[in-house]
Each structure stands twice: as structure tokens, then as C-alpha cells.
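Here's the structure we're looking at; comments come further down.
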Amino acid sequence: MKQRNILVGIADRATRARPYKPTSLNLSLVERGVEAFDAVSSKLCEEFPFLCSYKEEMEGSELEQFDGLFAWLTEQLRTFPKDATNPEQSLTNILALAALLECDALLWNELAKAVSNVPELLTITLTKIIKKNRADGQEILAGARYSANEIQVLFADVASKDWKSVEWVVNHLWVEIRSPAKQHASAALYRFDYPRLKSILEEENDFFEIAAYVFHAPAAQSLQLAIASTNWTFKFWALYHSVRCAESGSEGYPVEWQILLSEAAKVPDEWARWLAVLNKYPGRYPQLQEALGNTLASASGEALDAYVSSISGVSDFGRDEIATALTVFRKKAPACDRQRLWTAAFDRWKRWDFGRTEHSKSLFRVEKSSFDFPVVGYLTECLDSQARAEWIAELQVRAAAIERIWHSDITSAMSERYKLISTYQLIAHSEAVAAGEPKWLWEPPLYQPTWEDGTFYRSLKYDDTLIPPTFYSN
């Protein structure tokens with residue numbers, strides 16, 4: 115039987131089991147205090163190798179021992195500290211065994227079912243273990259070979275809550291900030307004294323301490339605590355970690371995400387910080403987009419403007435995800451809010467100019483962008499058919515001008531041509547939407563403007579010879 119399956123329902127099954135005390139816990143490690151966790155774990159692995167050998171299945175005597183160990187754990191929690199001369203050491207032993215029995219965050223749920231009430235001294239000692247095992251950011255970064263200057267920069271980013279700059283570091287160092295003793299002490303406290311754990315996290319100002327909890331606790335627990343918290347650092351990283359877990363195939367939490375996003379949308383500074391991360395590469399957070407769309411549908415005008423400002427103009431990475439969020443927004447937001455967002459996005463798109471303004475980019479193909487969906491929204495809901503026709507006529511005049519102007523090299527001519535064709539895609543698609551096309555995000559095949567005759571001669575002039583012609587009528 116797999117370890118996960120063994121844990122399901124073990125609280126009921128273990129009532130019939132004989133408690134089995136590990137003999138390795140007779141080892142005196144009082145002088146080590148909480149640091150004894152690793153030593154105790156090593157001794158337990160020697161005594162119960164089946165718990166440390168990554169076996170997929172347990173059977174026979176192993177199952178009997180597993181149930182007996184669980185029964186012993188429940189007895190220890192119920193009677194803690196049971197004449198122990200050093201409560202912290204006794205609890206460290208308990209947590210070390212719990213770490214070996216745990217799988218998929220099921221153990222402490224079952225222990226809470228088996229032990230309805232625990233002595234107050236247990237929760238007090240759990241709190242001591244949590245507070246003694248603090249994550250030392252300076253030490254963690256130095257151990258990861260960050261230079262003194264890099265550490266100084268990162269601490270400055272943390273102090274200013276620049277999560278966009280901090281994100282990469284956290285994603286690469288999350289293993290380094292793990293403390294198994296604190297992880298299981300927190301899991302136990304969540305089940306046996308929720309208000310105490312909530313208070314600890316509410317008052318915590320150290321970023322590395324918050325990350326140490328969030329990145330090693332079940333996402334559902336972090337989110338529940340974050341919703342009840344007023345600690346904005348904790349709120350953001352609880353949401354962030356749960357979304358990254360969902361991207362990897364874990365469970366999603368759309369209701370909790372929407373609650374947290376809606377709270378952040380009411381606080382301009384926090385909203386800007388959150389969006390700087392979430393909208394830099396929306397493709398990393400596909401599961402979040404529906405909750406984000408629902409949040410936008412009831413957000414203030416200022417929050418909508420901030421959302422538009424956060425859209426990345428570097429590439430079309432995240433184009434589909436932004437369309438997903440704004441599809442929800444389009445269905446639920448009032449017309450005035452839709453038009454405000456579409457207009458803000460259109461103005462930003464014009465200034466962006468396909469990257470030619472912000473990144474001095476030349477175009478060598480028809481470009482898509484993350485602005486496509488809201489720009490089509492503007493063209494459809496803020497302009498009428500006559501205004502769209504006038505814009506197409508303007509594009510045609512500019513296309514003709516390409517032929518009359520002397521270009522110092524072919525790059526400028528090609529770039530202008532592809533800008534006109536790319537712009538035309540949005541206008542032509544908005545005409546299709548106005549005529550009943552349900553999808554607002556255009557996809558190939560391309561709409562062919564009238565000034566593009568599709569001749570081989572035009573293709574020779576403007577197309578890259580290494581790729582198929584943009585338009586070619588045989």
C-alpha cells in the first residue's frame with residue numbers, strides 16, 4: 115500500500131493499533147536542543163529504513179509498524195510532555211518522526227482527528243520551536259554564493275517590497291529556506307492552535323521568515339491564513355506560491371485568489387506591486403486569469419489603469435492569458451468600465467508602437483501582442499464602422515507613401531510595411547467581431563489589406579527570403 119493511502123483514514127484505524135515507541139528516541143540529545151532534529155531523523159531512518167528508502171509500497175510488518183508509530187504519536191501529543199525533562203527536545207523527537215510519516219500534507223489532518231484537545235504546553239512549545247528556527251536571509255544568501263553587493267541590493271529590494279526583483283531569487287532559493295522542524299511545528303500549530311499561528315504570521319516582518327512558511331506549507335492553509343491576515347507581504351507570497359503550484363498541476367483556488375486580488379486592487383501601492391509580477395509574464399499564471407478577470411470587473415477605474423500599465427510590451431508571451439482575463443471582464447463589467455480599460459490599453463498600444471518606441475525594435479513579420487484583445491475591444495466598443503473605415507484608408511495612404519519615400523536601407527521600409535499590416539489585422543478583426551465573430555483575439559490566416567496585391571514582385575521587395583511570403587497569390 116502506498117504511503118499516501120496508508121494515511122487516509124489512519125486516525126480511525128490506529129485506535130486498534132498498539133503504540134510503537136521508536137527505540138532510537140531513547141538517545142539523549144538534550145545538549146543539542148532543537149538542532150537535534152537532523153540527528154533524530156537520521157536515527158529514525160536507521161531504525162525504520164522503509165520510511166526513508168522511497169519505497170512505493172509498504173506491506174506486512176511495515177504497515178503494522180506504521181500504524182503503531184501513528185498511535186504512539188497521538189499518545190505523545192495527547193499527554194505532552196509526559197514527564198519529559200526537556201519539552202523542546204521531546205517535541206523535536208515527535209516532529210522528526212512526523213516528518214518521516216508525512217505525505218501530501220495528510221498526516222497532521224489525521225492527527226488532529228485522533229487528538230481533539232492538546233495540552234497548552236504543547237502549543238507553547240511549538241511556538242518556541244518556530245521562533246527559534248528563524249530563516250537568516252544573510253546566511254542563506256551567503257551560502258548560495260551571493261556577493262556582498264548582491265546581498266545588499268536584494269535586501270534593498272525586499273525593504274521596498276519590489277517583488278518583481280525578488281521573485282527570481284525566491285524561486286531559486288526556496289529549498290535553502292526550508293526548516294523541517296519549523297515546517298512541522300507550523301503544521302501542528304495550524305491544526306491545534308490556529309489563532310496562535312495566525313498571530314505569529316500577522317506580526318512577522320521578516321521576508322525570509324514569511325517565505326520559509328509559505329513555500330513549505332500546504333497552499334490551502336497559507337491562503338486561508340492570508341485571507342484572514344492584514345500582512346500584505348504574507349498575502350502576496352501566499353497567493354504567488356499557490357498559483358505556481360497550480361501551474362505545476364496542483365489544485366487551484368479561484369475563490370481565494372479572487373478574494374486576495376480584490377483586496378489588493380483597493381490598495382494602489384500593493385496592486386501595482388502584485389501586477390508587476392503577475393503581468394510581467396502572464397503565461398506563467400494561466401490558472402489565475404479568471405480570478406483576475408472577475409477582480410477587474412468590479413475594480414475601480416484607477417485599478418483598471420494600473421492593470422493596463424502593467425501589461426508587458428516586450429512580446430506576445432501571455433497574449434492568450436490576458437485575453438482570458440479580459441474575456442471575463444468583458445462579460446461582467448459595465449460598459450463605462452470596459453470603455454475605460456479599452457481606451458487606456460489603446461493609448462498604451464499607440465505609444466508602444468510594436469516595440470519601436472520602447473525597445474527600438476524593427477519589424478520583420480506580422481506582429482501579435484499582449485494588447486491585441488483590449489485594442490480590438492476599443493475598436494469594437496469605442497469606435498463605429500465609419501471611424502474604422504477612415505483608419506483603414508489612412509493605412510492605405512501610408513502604405514503608398516512607402517513606395518515614394520527614399521529609404522537608406524530596406525529595414526525601415528520593411529518595418530513600416532509590417533507595422534501597417536499588423537495594425538490592419540486588429541481593425542479587420544474588429545470588423546469581423548462587429549459582424550458577429552465571437553472570438554475577440556485574432557489568429558491566422560491573416561486578413562489581406564487591399565494595398566497588398568500578393569504579387570511575387572512585392573514579396574521579393576519586402577519579405578525575408580528565408581520565410582514564406584506574407585501574401586502571395588499564385
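Sequential numbering of the sequence shown, starting at 115, is according to my numbering.
Beta carbons: idealized from backbone N, C-alpha and C, even for Gly.
Please confirm if the region 458-466 is in contact with the region 418-437, defined as three or more CB-CB distances below 8 Å between the two stretches. yes
Between the alpha carbons of F306 and E202, how many angstroms are there, rounded? For the purposes of this step, residue 306 is identified with residue 192 of the sequence shown, where counting begins at 1. For the purposes of this step, residue 202 is identified with residue 88 of the sequence shown, where counting begins at 1. Near 17 Å, if we compare the C-alpha coordinates of E202 and F306.
Specify the secondary structure class of T347 as computed by DSSP and reduced to three states. Along the sequence shown, one-based indexing puts residue 347 at 233. Helix at T347.
Assuming S150 is part of the alpha helix (DSSP H), what are its boundary residues? Within the sequence shown, numbered from 1, the residue matching residue 150 stands at position 36. Looking at the sequence itself, residue 150 is Ala, so the reference to Ser does not match. Counting along the chain, the alpha helix (DSSP H) containing A150 begins and ends at 150-161.
So, E178 versus K116, is the Cβ gap smaller than 9 Å? As a first step, residue 178 is located in the sequence shown; it is residue number 64 there, counting from the start. As a first step, residue 116 is located in the sequence shown; it is residue number 2 there, counting from the start. No, these two residues do not count as a Cβ contact at 9 Å.
Where does G147 fall in DSSP's three states? Here residue 147 refers to the residue found at position 33 when the sequence shown is read from its first residue. Its pLDDT being 48, under 50, G147 is placed unreliably in this model, and the coordinates cannot settle the point.
In whole angstroms, what separates the C-alpha of L221 from that of A228? For the purposes of this step, residue 221 is taken as the residue at position 107 of the sequence shown. For the purposes of this step, residue 228 is taken as the residue at position 114 of the sequence shown. Taking the straight line from one Cα to the other gives about 11 Å.
DSSP state of E170 mapped onto helix, strand, coil: As a first step, residue 170 must be located in the sequence shown, where it is residue number 56. Coil.
Measuring CB atoms only, is the region 511-520 touching the region 544-552, in the sense that at least three cross pairs come out at less than 8 Å? No: the two stretches stay apart, fewer than three of their Cβ pairs being nearer than 8 Å.
Around the C-beta of T188, are 16 or more other C-beta atoms found within 10 angstroms, so that it is buried, or is it exposed? On the sequence shown, position 74 is the one that residue 188 refers to. Within a 10 Å sphere around the beta-carbon of T188 sit 16 or more other beta-carbons, which makes this residue buried.
Buried or exposed for N231, going by 16 or more other Cβ atoms inside 10 Å? For the purposes of this step, residue 231 is taken as residue 117 along the sequence shown, with counting starting at 1. Its Cβ having fewer than 16 others within 10 Å, N231 is exposed.
Count the C-beta pairs between the region 387-404 and the region 351-365 that are closer than 8 Å, then say yes if the count reaches three, no if not. Pairwise C-beta distances place the region 387-404 in contact with the region 351-365, as three or more of them are shorter than 8 Å.
What is the residue span of the alpha helix (DSSP H) that V381 lies within? Locating residue 381 in the sequence shown gives position 267, counting from the first residue. Element bounds for V381: n/a, residue is neither H nor E.
Does the Cβ of I238 have 16 or more other Cβ atoms within 10 Å, making it buried, or fewer, making it exposed? Numbered from 1 along the sequence shown, position 124 holds the residue referred to as residue 238. Burial call: exposed.
Please classify A266 as buried or exposed, where buried requires at least 16 other C-beta atoms within 10 Å of its C-beta. Locating residue 266 in the sequence shown gives position 152, counting from the first residue. Per the sequence shown, residue 266 should be read as Gln rather than Ala. Label assigned to Q266: exposed.
Could you give the DSSP three-state label for H521: helix, strand or coil? As a first step, residue 521 is located in the sequence shown; it is residue number 407 there, counting from the start. Note: H521 maps to coil in three-state DSSP.
If we ignore side chains and look at the alpha-carbon of each, how far apart do A240 and S412 end up? Counting from 1 along the sequence shown, the entry for residue 240 is found at position 126. Counting from 1 along the sequence shown, the entry for residue 412 is found at position 298. At residue 240 the sequence reads Leu, which differs from the Ala that was named. Approximately 42 Å between the Cα atoms of the pair.
Jot down the residue ranges of each uninterrupted alpha helix (DSSP H) in the region 244-277, minimum 4 residues, whole runs only, in chain order. Within the region 244-277, the complete alpha helix (DSSP H) runs of at least 4 residues are 251-257, 262-273.
Enumerate in chain order the residues of its own chain whose CB-to-CB distance from N106 is below 7 Å, with the five nearest sequence positions on each side excluded. This structure does not reach residue 106, given that the chain is present from 115 up to 588, and the question cannot be answered.
Have a look at I291, K245, W277, W371 and flag the residue whose alpha-carbon is nearest the alpha-carbon of E317. For the purposes of this step, residue 317 is taken as residue 203 along the sequence shown, with counting starting at 1. Checked all of I291, K245, W277, W371; the closest Cα to E317 is K245.
Would you mind stating whether K312 and S343 have Cβ atoms separated by less than 9 Å? As a working note, residue 312 is residue 198 in the sequence shown. As a working note, residue 343 is residue 229 in the sequence shown. Note that the C-beta distance between K312 and S343 is below 9 Å.
Among residues of its own chain, excluding the 5 on either side of A378, which ones have a beta-carbon nearer than 6 Å to its beta-carbon? Along the sequence shown, read from residue 1 onward, the residue named residue 378 stands at position 264. If we look at A378 and ignore the five residues flanking it on each side, its Cβ neighbours are E384, W385, W388.
P488 by DSSP, collapsed to three states: which one? Within the sequence shown, numbered from 1, the residue matching residue 488 stands at position 374. Note: P488 maps to helix in three-state DSSP.
Whose C-beta lies closer than 8 Å to the C-beta of I324 among residues of the same chain, with five residues either side of it excluded? What you label residue 324 is simply residue 210 of the sequence shown in a count that begins at 1. The residues are L315, E318, N345, T347, F348, W351.
Would C159 pass as a contact of L214 if the rule is Cβ separation under 9 Å? The sequence position of residue 159 within the sequence shown is 45, counting from 1. The sequence position of residue 214 within the sequence shown is 100, counting from 1. For C159 and L214, yes; Cβs fall inside 9 Å.
Check the C-beta distance from V480 over to L560 and give it rounded, since I have them as a contact under 8 Å. Within the sequence shown, residue 480 is the residue found at index 366, counting from 1. Within the sequence shown, residue 560 is the residue found at index 446, counting from 1. Indeed, because the Cβ distance is near 6 Å, the residues count as touching under 8 Å.
Contact defined as beta carbons within less than 8 Å: I believe G427 pairs with W466. What is the distance between those atoms, to the nearest angstrom? For the purposes of this step, residue 427 is taken as residue 313 along the sequence shown, with counting starting at 1. For the purposes of this step, residue 466 is taken as residue 352 along the sequence shown, with counting starting at 1. Yes, G427 and W466 are in contact; Cβ-Cβ is about 5 Å, under 8 Å.
Which complete alpha helix (DSSP H) runs does the region 508-553 hold, if anything under 4 residues is left out? 524-548
Let me confirm a value: S665 is counted as buried when at least 16 other C-beta atoms fall within 10 Å, else exposed. Which label applies? The structure shown does not extend to residue 665, since the chain is modelled only from 115 through 588, so no value can be given for it.
I need the DSSP call for K464, collapsed to helix, strand or coil. The residue given as residue 464 occupies position 350 in the sequence shown. In the three-state scheme derived from DSSP, where H, G and I count as helix and E and B as strand, K464 is classed as helix.
Our contact map puts A212 next to S204 with C-beta atoms below 8 Å; I'd like the distance itself, whole angstroms only. In the sequence shown, counting from the first residue as 1, residue 212 sits at position 98. In the sequence shown, counting from the first residue as 1, residue 204 sits at position 90. Rounded, the Cβ-Cβ distance is 13 Å, inconsistent with contact.
Local conformation of A316 per DSSP, three classes: Within the sequence shown, residue 316 is the residue found at index 202, counting from 1. The sequence shown places Glu at residue 316, not Ala. In this structure, E316 counts as helix in the three-state DSSP scheme.
Runs of alpha helix (DSSP H) wholly within the region 164-233 (minimum 4 residues, chain order): Here the runs fully enclosed are 175-193, 201-215, 221-228.
Local conformation of Q562 per DSSP, three classes: The residue you call residue 562 lines up with position 448 of the sequence shown. DSSP places Q562 in coil when its eight states are reduced to three.
By the DSSP assignment, the alpha helix (DSSP H) with A298 in it spans what residues? Position 184 of the sequence shown, counted from the first residue, corresponds to residue 298. Here the sequence assigns His to residue 298, which means Ala is not the residue at that position. Where H298 is concerned, the enclosing alpha helix (DSSP H) stretches over 294-306.
Can you list, in chain order, the residues of its chain whose CB lies under 6 Å from that of A527, leaving out five sequence neighbours each side? Mapped onto the sequence shown, residue 527 falls at position 413. Taken in chain order, the residues that qualify are I516, H521.
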